[in-house]
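These notes concern the structure reproduced below.
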Amino acid sequence: MELLTGIFTAFGLSASAGLNAYIPLLLVGLLARYTNLINLNSPWDTLASPWIILMLCLLVIIEMVADKVPAVNHVNDLIQTIIRPAAGAIAFAASANVVTDVNPVLALASGLLIAGSVHVAKAGAVRPMVTATTGGVGNVPVSIAEDIVSTVLSILAIIVPLLVGTLLIVFAAFLIYWLYRRSNRETT
């Protein structure tokens, strides 16, 4: 059961990093430093360093502000195309590393793919659609919602990983079903 909850936590944290790179890393660092909810193995225990936590606090603020400024938010998404998948890989590997049965390379690759997929959906589909349909006015509320979802998902991934795992499975099944139905409509 510990393997399963560790994997669900890792998936939730890396998906969260696809929305905001630094929120899940900051939460992991804070919880590892000040609680017993997360115990990080080396080298991931660096996330619990006071200096790293301070740096992550600053990066969270910078990303949140940059994502709310018109035009800057698109430049930020472009820059975050590298950072968010990397943060997802770190979040996945750090939390999956607690469960030693997961190969570090597999953990890093999984986190990279999950966070990268969420980021591509956000920056490549959702944000351009919001900008086009609202003339950019909808970007700030959507950005605030993304930050809230990233925070809540990160917390739930750590505290109730089975719930997050179940939600991720349901979401994946819904997405597969939707894509299947869409492809059938296009062929007919």
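So in the working numbering, the last one in the sequence shown is 339, and the numbering has no gaps at all.
Built from N, CA and C at the ideal position, the CB exists for glycine as well.
Since residue i is in the alpha helix (DSSP H), which residue starts that stretch and which ends it?
i      : result
ASP228 : 223-247
ASN190 : Run containing ASN190: none; DSSP gives neither H nor E here.
ASN290 : 290-310
ALA283 : 278-285
May I ask you to report which of helix, strand or coil DSSP gives residue i?
i      : result
ASN335 : helix
SER200 : coil
LYS273 : helix
ALA324 : helix
VAL256 : helix
GLY169 : coil
VAL315 : helix
VAL220 : coil
So residue i packs on residue j, CB below 8 Å; how close in whole Å?
i      : j      : result
ARG278 : ASP196 : Going by Cβ atoms, the distance from ARG278 to ASP196 rounds to 35 Å, so no, they are not a contact pair.
ASN190 : ALA183 : 7 Å
SER301 : ILE174 : 5 Å
PRO312 : THR156 : 4 Å
LYS102 : GLY169 : Look at the range of the chain in this structure, 152 to 339, and you will see that residue 102 is not part of it.
Check this for me: beta carbons of residue i and residue j, under 8 Å apart or not?
i      : j      : result
ALA172 : VAL269 : no
ALA283 : LEU263 : no
ALA258 : ALA323 : no
ARG235 : ALA266 : yes
LEU177 : ILE212 : no
GLY287 : PRO221 : yes
LEU304 : LEU314 : no
LYS219 : SER294 : yes
Residues in the same chain with beta-carbon distance under 7 Å from residue i, minus the five sequence neighbours each way, listed in chain order, please.
i      : result
ALA245 : VAL179, LEU191, TRP195, LEU198
Please return the same chain residues whose Cβ sits closer than 8 Å to the Cβ of residue i, not counting the five positions on each side in sequence.
i      : result
LEU342 : The question about residue 342 has no answer, for the chain in this structure spans 152 to 339.
GLN231 : ALA172, GLU214, HIS270, ALA274
CYS208 : LEU177
Only counting the same chain, and skipping five residues up and downstream in sequence, which positions put a Cβ closer than 6 Å to that of residue i?
i      : result
ALA217 : VAL223, ASN227
TYR185 : none
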